[in-house]
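Notes follow once the structure below has been shown.
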Amino acid sequence: MGANDARKRSRREFLKLAGAAAAGVVMAGRPFAAGAAPAAAGRAMKIGIIGSGKIGGALGGHWARAGHEVLLSARNLGPVRKLAAEIGHKARAGTPREAAAFGEVVLVSVPYAALPQVGRDYAAELKGKPVLDTCNPIPRRDGDMAAAARAKGTGVASPGYLPGVRLVRAFNTVSYRAIRSEAHRKGEKVAIPLAGDDAEALRIAVQLVQDAGFEPVVVGGLARAVEFDTGTPAYGKALTARELRQRLKIGS
Ligand SMILES: NC(=O)c1ccc[n+]([C@@H]2O[C@H](COP(=O)([O-])OP(=O)(O)OC[C@H]3O[C@@H](n4cnc5c(N)ncnc54)[C@H](OP(=O)(O)O)[C@@H]3O)[C@@H](O)[C@H]2O)c1
């Protein structure tokens, strides 16, 4: 088998696993309360958000409006309290440790340089959980560790900083402006590429991308996150799934 065939087969296997897990969770989960969820296809989840700035704050709003219970956090509690009150629904504010403990799934959306501290300080709370990682290494902001992460690829570097979690790279390619304004848009939705090694975590990420109003494209295992890291053709634009697949050279 050639490398290309192996790559296609591995992606097909991921899609199959993620799909199978999706069916199980929808059947097993709590249904949304009547009137709560305009978009959610699966069950309501408890989502902890570590880093509730431009990306984490926007996603927290989308998920709360979709009927999820969201705990927004940052080191400085004032802005997250204000944000949670503005979002309403089941959004609340707390410390990063509380978010890590609260979430059955956790979004980590902090400057890349903060990942080592987040992974170290909240290791016990995060252990074994699906974690969606939006963080991009930007050397001018994050220093030398970001240059090293860029060289390795984030699908290799991030798990080193967040050991023991079921990591999915997600929501790293699209600007916060599009995350705010293009959610649930009519017609072809903006695509969000995903990479992860754990089928159930990927399944949850797929649901959360849909519930935020975007279209998930599962690219494959974590090693393939490098294909949509900063500087790649898949990065930095609000692409449709069709456009994204073309750029990634993957089938539907
Ligand atoms: N902006 C975009 O368009 C975009 C798009 C895709 C991906 N990303 C990536 O996603 C991540 C977040 O980006 P952003 O634009 O949302 O950043 P941001 O607006 O600066 O928000 C960062 C958030 O993280 C919190 N934070 C910082 N250090 C922390 C720590 N050690 N522990 C807990 N919380 C911490 C900040 O609040 P406190 O300082 O109060 O803790 C803030 O709430 C970055 O890695 C970025 O590269 C950004």
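Our numbering puts the first residue of the sequence shown at 708, with every later residue one more than the last.
Think of the CB as a built atom: it goes at the ideal place given N, C-alpha and C, for glycine as much as any other residue.
query	result
Close beta carbons around G736, own chain, < 7 angstroms, minus the five adjacent residues each side	Confidence at G736 is low in this model, with a pLDDT of 28, below 50, so its placement is unreliable and the value that follows should be read with caution. Hits under 7 angstroms: G749, R750.
Rounded distance between the beta-carbons of T841 and A762, thought under 8 angstroms	The sequence given here places Ile at residue 762; Ala does not occur at that position. Going by Cβ atoms, the distance from I762 to T841 rounds to 5 angstroms, so yes, they are a contact pair.
Any non-hydrogen atom of ligand 1 within 8 angstroms of I757 CB	yes
Y868 beta carbon near ligand 1 (any heavy atom closer than 8 angstroms)	no
Span separating the alpha-carbon of R848 from that of G755	25 angstroms
Assigned secondary structure, P900 (DSSP; H/G/I helix, E/B strand, else coil)	strand
Proximal residues to W770 (C-beta, below 7 angstroms), its chain only, five neighbours per side dropped	I754, V777, L915, D918, A919
Identity of the residue in G810, P823, T947, V875 nearest R889 by Cα	Inspection of the sequence shows that residue 889 is occupied by Glu rather than by Arg. The residue with the shortest Cα to Cα distance from E889 is T947.
Beta carbon of G764 nearer than 9 angstroms to that of L779	yes
V787 Cβ short of 8 angstroms to ligand 3 heavy atom set	Ligand 3 is absent from the structure shown, which contains only ligand 1.
Rounded C-alpha distance that separates D936 from T861	7 angstroms
Endpoints, beta strand (DSSP E) assigned at G755	753 to 757
Residues bridged to T947 (per DSSP)	V897
Cα-Cα separation, L839 to A858	21 angstroms
C-beta atoms of A898 and V933 nearer than 9 angstroms	no
Which of helix, strand or coil DSSP assigns to G871	coil
Cβ-based neighbour list, G958, same chain, cut-off 6 angstroms, excluding 5 preceding and 5 following	none
Cβ-based neighbour list, E811, same chain, cut-off 6 angstroms, excluding 5 preceding and 5 following	M752, K753
Range of the contiguous beta strand (DSSP E) that encloses V881	Per DSSP, V881 belongs to no beta strand (DSSP E) and is neither H nor E.
CB-CB length for L874 against G835, believed under 8 angstroms	No, L874 and G835 are not in contact; Cβ-Cβ is about 11 angstroms, not under 8 angstroms.
Whole-angstrom distance between E793 and G928, CA atom to CA atom	36 angstroms
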